[in-house]
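2 protein chains.
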Amino acid sequence: MATLRFGQHVIKASAVFLQTELSFALVNRKPVVPGHVLVCPLRPVERFRDLLPEEVADLFSTTQRVAALVETHFNATSLTIAIQDGPEAGQTVKHVHVHVLPRKAGDFQRNDSVYDELQKHDREDEDVHSKWRTEEEMAAEASDLSRQLH
Amino acid sequence: MATLRFGQHVIKASAVFLQTELSFALVNRKPVVPGHVLVCPLRPVERFRDLLPEEVADLFSTTQRVAALVETHFNATSLTIAIQDGPEAGQTVKHVHVHVLPRKAGDFQRNDSVYDELQKHDREDEDVHSKWRTEEEMAAEASDLSRQLH
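Written as structure tokens, this is what we have:
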């Protein structure tokens, strides 16, 4: 596995910490909170309705596994789990993806600001290279997470 | 089916428009947008991690079916799908539930305000009877939706 397709993007294998039969999970170049990761179907379909039953089952069993992992690993106490399904919901990457965010008390001044940040996260015009984490930093996090799954 | 348990609440059968082997879907007494509905496991567990594999699969295949239905029925073009999993993520009803919100262009002045409303939606102190829809209104909507599924 050298790269994986994520909508219009190509994801380096080093950012992927879990691959199942039909899904994969990757760390984020611009996490909204520490441990903010994405879970996607391997097949690059745009909308949630396009997923086959076996893809839905695999995507959410993977999400459940990933959610438990990042909640523990990042010392959180709750999780925000969200799909922005379609452009009017803030989706820009045309590939179904589940946002998983470990949450803890006081992580945002207003509890719901997490969602403002989540919407901004996906916007192309806010997506400037200078704000991205380094490939090395992402690879190290993915490797840490992966180790705990195997 | 006279009533169903939803965390600390008891839901009238008239508000439930779909029941599967392991899940159910209900209309909302205070929808954030028209067609804002909830999908829940029948078993009243608090956290997403508590669901068994077959419950996860059923919950999200039901969510997929319900999402397609409300997007069409409410003439929307996108969907926001979210779980507030744990108190630090805004969960107050101690029973896993997936929020499904049909979205359309211009439904909120700021696209991400939907999430502010979603957080407020679950708060007990904002949950005053005077803001609820009538039981009749909810039953009529549930009946409309149910008819399209059968």
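Chains as they are written, first to last, in the numbering used here: chain A, 1 to 150; chain B, 1001 to 1150. Positions of the beta carbon are idealized from the N, C-alpha and C atoms, including for glycine. Quick caveat: nothing in here was measured; it's all calculated off a predicted structure.
| query | So does the segment 133-147 of chain A actually touch the segment 19-36 of chain A, counting three or more Cβ pairs closer than 8 Å? | reply | The way I'd put it, the segment 133-147 of chain A does touch the segment 19-36 of chain A; three or more beta-carbon pairs between them come closer than 8 Å.
| B:Val1039 versus B:Asn1028 - alpha carbon distance | Approximately 11 Å, taken between the alpha carbons.
| message | Is it buried or exposed, B:Val1010, if we count other Cβ atoms within 10 angstroms and call 16 or more buried? | response | Its Cβ having fewer than 16 others within 10 Å, B:Val1010 is exposed.
| message | With a threshold of 8 Å on Cβ separation, who are the neighbours of B:Arg1005 within its own chain once the five nearest residues in sequence on each side are excluded? | response | Ile1011, Pro1044, His1095, listed in sequence order.
| Using the beta-carbon of each residue, which ones in chain B are nearer than 9 Å to A:Ser78? | Those within 9 Å of A:Ser78 in chain B are Arg1047, Gln1084, Asp1085, Gly1086, Pro1087, Glu1088, Ala1089, Gly1090, Gln1091.
| the segment 1017-1039 of chain B: positions lying closer than 8 Å to chain A by Cβ | Those residues of the segment 1017-1039 of chain B that come within reach of chain A (Cβ to Cβ, closer than 8 Å) do not exist; the list is empty.
| said: With distance defined between alpha-carbon atoms, name the residue in A:Leu51, A:Gln8, A:Ser61 nearest to A:Leu18. | reply: Ranked by how close their Cα comes to the Cα of A:Leu18, the residues A:Leu51, A:Gln8, A:Ser61 have A:Ser61 in first place.
| said: Taking CB distances under 8 Å as the criterion, tell me whether A:Val66 reaches chain B. | reply: It does not: the Cβ of A:Val66 has no partner Cβ on chain B nearer than 8 Å.
| field | Residues that A:Arg43 contacts on chain B, provided the C-beta gap is smaller than 7 Å | value | Contacts between A:Arg43 and chain B, judged by CB atoms closer than 7 Å, are missing: the closest CB pair is about 15 Å apart.
| Quick one: does A:Phe60 have its CB under 8 Å from some CB of chain B? | At least one chain B Cβ lies under 8 Å of A:Phe60.
| Does the beta carbon of A:Glu71 fall short of 7 Å from some heavy atom of the ligand NAD? | With respect to small molecules bound, the structure shown includes none, and the ligand NAD cannot be examined in it.
| message | I believe A:Gly86 touches B:Leu1145 by the beta-carbon criterion, under 8 Å. Please report the beta-carbon distance rounded to the nearest angstrom. | response | About 20 Å; that fails the 8 Å criterion.
| request: Look at the alpha carbon of B:Gln1089 and the alpha carbon of B:Gly1106, and state the distance between them as a whole number of angstroms. | output: According to the sequence provided, residue 1089 of chain B is Ala. The question's Gln does not apply to it. The straight-line gap from Cα to Cα measures roughly 26 Å.
| message | For chain B, check one thing: does any of its Cβ atoms lie closer than 8 Å to the Cβ of A:Lys131? | response | Answer no: the Cβ-Cβ gap between A:Lys131 and chain B never drops below 8 Å.
| message | Counting only C-beta atoms, is B:Val1056 closer than 8 Å to chain A at any point? | response | Output row for B:Val1056: interface = yes.
| Which same chain residues, not among the five before or five after A:His97, have their C-beta less than 6 Å away from its C-beta? | Within the same chain, A:His97 has close Cβ partners Leu38, Cys40.
| DSSP three-state assignment for B:Phe1074, whether helix, strand or coil | Looking at B:Phe1074 - three-state DSSP - the assignment turns out to be coil, as it is neither helix nor strand.
| Mind checking if A:Leu4 is an interface residue toward chain B, Cβ cutoff 8 Å exclusive? | Any Cβ of chain B closer than 8 Å to the Cβ of A:Leu4 would place that residue at the interface, and such an atom is absent.
| query | Between the C-alpha atoms of B:Gln1064 and A:Arg147, what's the straight-line distance to the nearest angstrom? | reply | Spanning the alpha carbons of B:Gln1064 and A:Arg147 requires a straight line of approximately 32 Å.
| When you compare only the Cα positions, how much space is there between B:Leu1042 and A:Ile83? | Rounded to whole angstroms, B:Leu1042 to A:Ile83 spans 22 Å at the Cα level.
| said: Taking CB distances under 8 Å as the criterion, tell me whether A:Lys94 reaches chain B. | reply: No, because no Cβ of chain B sits closer than 8 Å to the Cβ of A:Lys94.
| query | Considering B:Ser1023, what are the terminal residues of the beta strand (DSSP E) in which it resides? | reply | Counting along the chain, the beta strand (DSSP E) containing B:Ser1023 begins and ends at 1023-1026.
| At a CB-CB cut-off below 7 Å, which residues of chain B make contact with A:Lys12? | Think of a sphere of 7 Å around the beta carbon of A:Lys12: no beta carbon from chain B falls inside it, the nearest being about 28 Å out.
| Test: B:Ala1140 CB closer than 8 Å to a CB of chain A | In terms of beta-carbon proximity, B:Ala1140 stays away from the interface with chain A, with every pair separated by 8 Å or more.
| field | Option nearest A:Arg133 by Cα separation, candidates A:Ala76, A:Ala15, A:Pro53, A:Thr77 | value | Selection A:Ala76, A:Ala15, A:Pro53, A:Thr77 evaluated against A:Arg133 yields A:Ala15 as nearest (Cα-Cα).
| said: Going by beta-carbon coordinates alone, are A:Ala76 and A:Lys120 separated by less than 8 Å? | reply: Taking 8 Å as the Cβ cut-off, A:Ala76 and A:Lys120 do not qualify as a contacting pair.
| query | When we look at the beta-carbon of B:Pro1031 and count the other beta-carbons within 10 Å, is it buried (16 or more) or exposed? | reply | Classification of B:Pro1031: buried, given that the 10 Å Cβ count is 16 or more.
| message | Check whether chain A comes within 8 Å of B:Leu1051, counting only Cβ atoms and requiring the distance to be less than that. | response | Closer than 8 Å to the CB of B:Leu1051 there is at least one CB belonging to chain A.
| query | Would you say B:Ala1015 faces chain A, with C-beta separation under 8 Å as the test? | reply | No, no contact with chain A.
| said: What does DSSP give as the partner residue(s) for B:Trp1103 in the beta ladder? | reply: Inspection of the sequence shows that residue 1103 of chain B is occupied by Arg rather than by Trp. B:Ser1078.
| Looking at the unbroken alpha helix (DSSP H) that takes in A:Leu145, where does it start and where does it end? | For A:Leu145, the enclosing alpha helix (DSSP H) stretches over residues 135-149.
| Considering only the beta carbon of each residue, do B:Val1182 and B:Val1093 sit closer than 8 Å? | The shown model of chain B, from 1001 to 1150, leaves out residue 1182 of chain B, and the question about it has no answer.
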